[in-house]
Amino acid sequence: MSYKIEKNTVQETLIIPLYARKICSELYPSLYRDETAIRLVSEADYDFSALDKKSRTLMQRFGSLEVAMRQNDLAFEVRDYLKSHPTAAVVNLGCGLDNTGRNCDNSSCKIYNLDLPDVIKVRSELLPAGEREKNIPCDLNDTAWFDEIDASGGAIFFASGVFYYFFKEQVQALTISMADAFPGGVLVFDAANEKAVKLISKTWLKDAEIKDVGAYFSVSDAKSEIGAWDKRLNMSSRGYMLGYNDLKDPSVSGFFRF
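Every number in my numbering is 275 more than the matching position in the sequence shown, counting from 1.
And the structure:
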């Protein structure tokens, strides 16, 4: 099946990170494999020539490695939680066309994919919800979506590259509201310190027209900063490049390990 991707559309904003995950799979096959990304990119009627040209540069290869490690780390946390909570809700916050929930499926959990309505419309066309899976159109900051989640068997929520677009106050309010609604649940996300957020603001955040970077979510010491939001929060933190993997793989340049 082939599908047309028009320029300057929601579909295009979704296909670009999908393409990045496809490149990750090609560059680091023993570390990362995203069959959904490979399939959807191959089926897309879209001019990838500009992205192809950039994809082999040193900076883009490093960026691809970061994407691969982030996805692997989140999947590790989901699978680890499911070992003790096999019927849990697995909730992908800001899912786009990411299929991590389904990739972690243990045949017992419940999978929820959440994003804005126009994104979910595209997702439902390209990745229709499967068994025990639901695509939910919503604004993450409007907690009405809480009612859609069956957390009777536990719940793990994960956000990949999402909170960079949120104000600090929004992340704090959402986290505390989730603690109220889903006691004992787990929230996993990636974050960077303010200096790193300023750096990435010159690239992909620029496309989102984010200017006042200091107002957006960043964190330097997760345990002390986020732990101070509410005494119920038990924080842990790992580096997502080397926190889960040693990267001693032939496909990874030694330069990238520094």
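Note that beta-carbon positions come from the ideal geometry of N, C-alpha and C, so glycine has one too.
- F464 and G436 have their alpha carbons spaced roughly 8 Å apart.
- Of the residues assessed, K282 falls on the exposed side of the cut-off, its CB having fewer than 16 other CB atoms within 10 angstroms.
- E408 sits in a strand when the DSSP states are folded into three classes.
- Taking C-alpha positions only, L415 is separated from E444 by approximately 13 Å.
- Within the same chain, Y307, R308, D309, A312, I313 come within 7 Å of S300 by CB-CB distance, once the 5 residues on both sides are set aside.
- Annotated three-state conformation of I291 is helix, per DSSP.
- In terms of Cα proximity to C384, the closest of K506, I431, I501, R513 is I431.
- By the C-beta density criterion, T375 is buried, having at least 16 other C-beta atoms within 10 angstroms.
- The three-state secondary structure of A350, taken from DSSP, is helix.
- The shortest C-alpha to C-alpha distance from I451 to any of F421, A471, G428 is the one to F421.
- Per DSSP, K385 is one residue of the beta strand (DSSP E) stretching across 385-390.
- 8 Å or more divides the Cβ of V353 from the Cβ of G371.
- DSSP, reduced to helix, strand and coil, places L340 within a helical segment of the structure shown.
- Rounded to the nearest whole angstrom, the C-alpha separation of D320 and Y278 is 6 Å.
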